[in-house]
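Protein chains in written order, with our numbering: chain A, 1198 to 1365; chain B, 7 to 407.
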Amino acid sequence: MTVRVEKVDLPGIGTRHDVLTESGRRVGVVSHRNGSRELAVFDIDDPDASRESVALTDDEAAALADVLGASMMLSHIMGIGEHLTGLFTEQLKLPAASPYVGGVLGDTKARTRTSTSIVAIVRDKEVIPSPTPATPLHSGDTIVAVGTRKGLDALAEILTHGSARRTD
Amino acid sequence: MNESTLLLVEVGALLLALGLLSRLASRIGISPIPLYLVAGLAFGHGGAIPLSASEGFFEIGGEIGVILLLVMLGLEYTATELVDSLGRSRAAGIFDVALNALPGAAFALLLGWGPIAAVALAGITWVSSSGVIAKVLRDLGRLGNRETPTILSVLVIEDLAMAFYLPILSTLLVGASLFAGALSLTIAVLVVVCILYLALRHGKLISRLFAAHHNESLLLGVLGLTLLIAGFAQQVNVSAAVGAFLVGIALSGQVAHSAERLLSPLRDLFAAMFFVFFGLSTDPAAIVPVLVPAAILAVVTISTKVLTGYLAARRAGIGVPGRWRAGFVLTARGEFSIVIAGLAVSAGIEPQLAPLATAYVLMTVVAGPVLARLPEANWFRAAVKRRGDARRAAEALSSAN
């Protein structure tokens, strides 16, 4: 489940982020300092060489990121925040037994009760970014939430049992 | 024609010719540096059409060109990148100096040149051309490759090492005593460490002098500061180039980014003048007798550079094909070698050094990008494919057991 994103500095040019896939292939994104970026697909025979490198404009990169789903990107951005602010991002599965199955997101009152923010819902490989309180919840939804460790733990409790056990 | 009219005509004609040469270079996919050098040879002393009025102009322009080359190099790197590269690839930097500087020094001694010329030639064979290599990596689409950070680290370390090497060379060249030499080296070390510290800890401090969004004031301000510091550095024998490099390092953030954009056309202009001036001051007739030694030196130091890249990439855990790619791409020498030769020539040591350096750089700067393409050749790819197939077969076998 966990994917390692490797960040490498390219002095004078920018940075490269790599993902090594489960099948052993490597895909990288070279971000130039001037803002342009390239997608690199590594060679199967020579895993050190990018066999194809595709220059992407801002719009193309954004479109590709949308297609691939926002959740991966979010956890990456939050990875930067974790060291600084104690903010975490977590993907919570909505269990079939949850009292909120069939309701809407607003029912959970997650923001008021736990101070966490639900930034996306992933349903059948489809991403609903920035869900509103009126967004319906289905059994098996993956809820992407950002918050403190304590807040996220409380949210997990609420989604499962409908109320948070008092932790203090 | 009076003097100033002649100056305009000569400078204009030469720049026009350089423009056409640069276009030709990009058309056939090589660096324009060798063409600029050849143009300089053609118009210089003993060349086809010697220039009369504009040599002084090109001399000043060339000096500014070196300073701009270096300040741009400094702007390209952040202080953090320098320190990180130094930490990560220190061993590669040591292979690099041992494998490439020592053959140059030994060669100079074999030719019966003095120890000072040996130090200069060591520098000439040591430093790869960051400009040429970065462009080759870009053109071949190798920026994403896993060996690329290693290659860039080697280049960064070489460039940083210049901040210590050039002061040593300039002190030796003025024939200073051992004490004066040690003094200027100490100054250089202190200044470099101070600038790196300032840039790392208080990066915004120096950049705050300038307004990133006011083009005119930024251009004049950064250029002024660079020339001023370069002048002071020259005065204390730390070499103007190093002063300029440090100014580039000290600037950071948006100011560095904008300054890079504003100064790059100036760099293109004055750097071209620098290469031409170096060619101008070399007599083409003097090149012929040094062609064979230059070729031997080029073959030896190209092989040692390939070995350097190979070893550096191996240390970084790169596979065999990537090691060869790293080796071949590093072979081009260029602007720095000419900067070093220029310093040595202006101090008047060893008359054969300038023609040898010209021939050497012409050979390596043309051969480098060609060698860098070797791993793109079909037989190389076929060999890589065979290796990949063999590896997968072995894996399949071991997982079957």
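Where a beta carbon is used, it is the ideal one built from N, C-alpha and C, also for glycine.
Problem set entry | DSSP bridge partner residues for Ala1237/A (one or two, in chain order) | Position 40 of the first sequence holds residue 1237/A. Beta-bridge pairing links Ala1237/A to Gly1225/A and Ser1250/A.
Problem set entry | For Leu41/B and Leu2/B, believed in contact at Cβ under 8 angstroms, the rounded distance | In the structure as shown, chain B begins at 7 and stops at 407. Residue 2/B is therefore absent and cannot be evaluated.
Exercise. By Cβ distance, which residues of its chain are closer than 7 angstroms to Ile36/B, with the 5 residues on each side in sequence left out?
Worked result: Counted from its first residue, the second sequence places residue 36/B at position 30. For Ile36/B, where only same-chain residues beyond five positions count, the Cβ hits under 7 angstroms are Val372 and Pro375.
Exercise. Using the C-alpha atoms, what's the distance from Arg1310/A back to Val1301/A?
Worked result: Reading the first sequence from its first residue, position 104 is the one you call residue 1301/A. Reading the first sequence from its first residue, position 113 is the one you call residue 1310/A. Roughly 16 angstroms separates the two Cα atoms.
Exercise. Can you name the start and end residues of the beta strand (DSSP E) that Leu1289/A belongs to?
Worked result: Within the first sequence, the letter at position 92 stands for residue 1289/A. Run containing Leu1289/A: Phe1285 to Lys1290, per the beta strand (DSSP E) assignment.
Problem set entry | Residue interval of the alpha helix (DSSP H) (run including Asp274/B) | Taking the first residue of the second sequence as position 1, residue 274/B is located at position 268. Gly259 to Leu286 is the extent of the alpha helix (DSSP H) around Asp274/B.
Exercise. When you check each C-beta in the region 380-395 of chain B against every C-beta of chain A, which residues fall closer than 9 angstroms?
Worked result: Pro381, Arg387, Val390, Lys391, Arg392, Arg393, Gly394 and Asp395
Problem set entry | Limits of the unbroken alpha helix (DSSP H) element including Glu9/B | On the second sequence, position 3 is the one that residue 9/B refers to. It spans Glu9 to Ile34 - the alpha helix (DSSP H) in which Glu9/B sits, taken as one unbroken run.
Problem set entry | Closer than 7 angstroms to chain A by CB, Val15/B | Within the second sequence, residue 15/B is the residue found at index 9, counting from 1. Not one chain A Cβ lies under 7 angstroms of Val15/B.
Problem set entry | chain A contact residues for Asn151/B, given Cβ-Cβ distances below 7 angstroms | Taking the first residue of the second sequence as position 1, residue 151/B is located at position 145. Asp1245, Ala1246 and Ser1247, listed in chain order.
Exercise. Between Val1316/A and chain B, is there a C-beta pair that is closer than 7 angstroms?
Worked result: Residue mapping note: residue 1316/A aligns to position 119 of the first sequence, counting from 1. With 7 angstroms as the cut-off, Val1316/A does not count as an interface residue toward chain B.
Exercise. Any idea if Phe238/B is buried or exposed, counting beta-carbon neighbours within 10 angstroms, 16 or more meaning buried?
Worked result: The residue labelled residue 238/B in the question sits at position 232 within the second sequence. Exposed.
Exercise. In this structure, does DSSP put Pro1326/A in helix, strand or coil?
Worked result: Taking the first sequence and counting its residues from 1, the one referred to as residue 1326/A is at position 129. Note: Pro1326/A maps to strand in three-state DSSP.
Exercise. What does Gly1299/A pair with, by DSSP beta-bridge criteria?
Worked result: Residue 1299/A sits at position 102 when you count from the first residue of the first sequence. Looking at the DSSP assignment, Gly1299/A forms no beta bridge with any residue, so it has no partner.
Exercise. Going by C-alpha distance, which of Ala45/B, Ala292/B and Ala262/B is nearest Leu359/B?
Worked result: Counting from 1 along the second sequence, the entry for residue 359/B is found at position 353. For Leu359/B, the nearest C-alpha among the options comes from Ala292/B.
For this session: Please say whether Gly1359/A and Pro1292/A have beta carbons closer to each other than 7 angstroms?
Result: The residue given as residue 1292/A occupies position 95 in the first sequence. The residue given as residue 1359/A occupies position 162 in the first sequence. Against a cut-off of 7 angstroms, the Cβ pair of Gly1359/A and Pro1292/A comes out as no contact.
Problem set entry | Close beta carbons around Ala277/B, own chain, < 6 angstroms, minus the five adjacent residues each side | Residue 277/B sits at position 271 when you count from the first residue of the second sequence. Correct list, in chain order: Gly71 and Leu75.
For this session: Would you tell me roughly how many angstroms separate the C-alpha atoms of Leu191/B and Leu1207/A, rounded to the nearest one?
Result: In the second sequence, residue 191/B corresponds to position 185, counting from 1. In the first sequence, residue 1207/A corresponds to position 10, counting from 1. So the two alpha carbons sit approximately 30 angstroms from each other.
For this session: Measure the CB-CB distance between Ile255/B and Gly80/B and report whether it falls below 7 angstroms.
Result: Residue mapping note: residue 255/B aligns to position 249 of the second sequence, counting from 1. Residue mapping note: residue 80/B aligns to position 74 of the second sequence, counting from 1. For Ile255/B and Gly80/B, yes; Cβs fall inside 7 angstroms.
For this session: Verify whether the separation of the beta carbon atoms of Ala1307/A and Val1341/A is less than 7 angstroms.
Result: For the purposes of this step, residue 1307/A is identified with residue 110 of the first sequence, where counting begins at 1. For the purposes of this step, residue 1341/A is identified with residue 144 of the first sequence, where counting begins at 1. Taking 7 angstroms as the Cβ cut-off, Ala1307/A and Val1341/A do not qualify as a contacting pair.
Problem set entry | Beta-carbon gap between Leu47/B and Pro290/B smaller than 7 angstroms | Position 41 of the second sequence, counted from the start, is the residue given in the question as residue 47/B. Position 284 of the second sequence, counted from the start, is the residue given in the question as residue 290/B. For Leu47/B and Pro290/B, yes; Cβs fall inside 7 angstroms.
Exercise. Does DSSP classify Ala1342/A as helix, strand or coil?
Worked result: Here residue 1342/A corresponds to residue number 145 of the first sequence, with the count starting at 1. Ala1342/A falls in the strand class under three-state DSSP.
Problem set entry | Alpha carbon of Arg1363/A to alpha carbon of Asp1350/A, nearest angstrom | Counting from one through the first sequence, the residue named residue 1363/A turns up at place 166. Counting from one through the first sequence, the residue named residue 1350/A turns up at place 153. Confidence in Arg1363/A is poor, its pLDDT being 49 and thus under 50, which makes the residue's placement too unreliable to answer from.
Exercise. How many angstroms separate the CA atom of Met1198/A from the CA atom of Leu1265/A?
Worked result: The residue you call residue 1198/A lines up with position 1 of the first sequence. The residue you call residue 1265/A lines up with position 68 of the first sequence. Because Met1198/A sits at a pLDDT of 47, beneath the cut-off of 50, its placement in the model cannot be relied upon, and the following sentence gives the value as read from the coordinates. Cα to Cα, the separation comes out at about 16 angstroms.
Exercise. To the nearest angstrom, how far is it from the Cα of Ser1228/A to the Cα of Val89/B?
Worked result: Residue mapping note: residue 1228/A aligns to position 31 of the first sequence, counting from 1. Residue mapping note: residue 89/B aligns to position 83 of the second sequence, counting from 1. Each residue's alpha carbon lies about 21 angstroms from the other.
Problem set entry | Alpha carbon of Phe281/B to alpha carbon of Glu1323/A, nearest angstrom | By one-based count along the second sequence, residue 281/B stands at place 275. By one-based count along the first sequence, residue 1323/A stands at place 126. Using only the alpha carbons, I get a separation of about 58 angstroms.
Exercise. CB Ala247/B to CB Leu149/B, shorter than 7 angstroms?
Worked result: As a position in the second sequence, residue 247/B is number 241, starting the count at 1. As a position in the second sequence, residue 149/B is number 143, starting the count at 1. The answer is no: Cβ separation not under 7 angstroms.
Exercise. Which whole-angstrom value describes the C-beta separation of Asn347/B and Ala126/B, a residue pair presumed to lie in contact below a C-beta threshold of 8 angstroms?
Worked result: In the second sequence, the residue the question calls residue 347/B occupies position 341. In the second sequence, the residue the question calls residue 126/B occupies position 120. The amino acid occupying residue 347/B in the given sequence is Ala; Asn does not appear at that position. Indeed they touch by this definition, with Cβ atoms about 7 angstroms apart.
For this session: Identify whether Glu1219/A lies in helix, strand or coil by the three-state DSSP scheme.
Result: Reading the first sequence from its first residue, position 22 is the one you call residue 1219/A. Of the three classes helix, strand and coil, the one that applies to Glu1219/A here is coil, per DSSP.
Exercise. For the region 1216-1237 of chain A, which residues have a CB atom closer than 9 angstroms to at least one CB atom of chain B, in sequence order?
Worked result: Arg1223, Gly1225, Val1226, Val1227, His1229, Arg1230, Asn1231, Glu1235, Leu1236 and Ala1237
For this session: Please go through the region 44-127 of chain B and give each complete alpha helix (DSSP H) segment of 4 or more residues, from N-terminal end onward.
Result: 61-82, 85-94 and 96-116
For this session: Give the straight-line distance between the Cα atoms of Asp165/B and Ser404/B, rounded to the nearest whole angstrom.
Result: The residue labelled residue 165/B in the question sits at position 159 within the second sequence. The residue labelled residue 404/B in the question sits at position 398 within the second sequence. Straight-line Cα distance between these residues: approximately 46 angstroms.
Exercise. Are any of the Cβ atoms in chain B nearer than 7 angstroms to that of Val1298/A?
Worked result: For the purposes of this step, residue 1298/A is taken as residue 101 along the first sequence, with counting starting at 1. Not an interface residue.
For this session: Examine the Cβ distances between the region 309-329 of chain B and the region 101-120 of chain B and report whether three or more of them are shorter than 8 angstroms.
Result: yes
Exercise. Which class does Glu222/B belong to by DSSP, given the choice of helix, strand or coil?
Worked result: Position 216 of the second sequence holds residue 222/B. In this structure, Glu222/B counts as helix in the three-state DSSP scheme.
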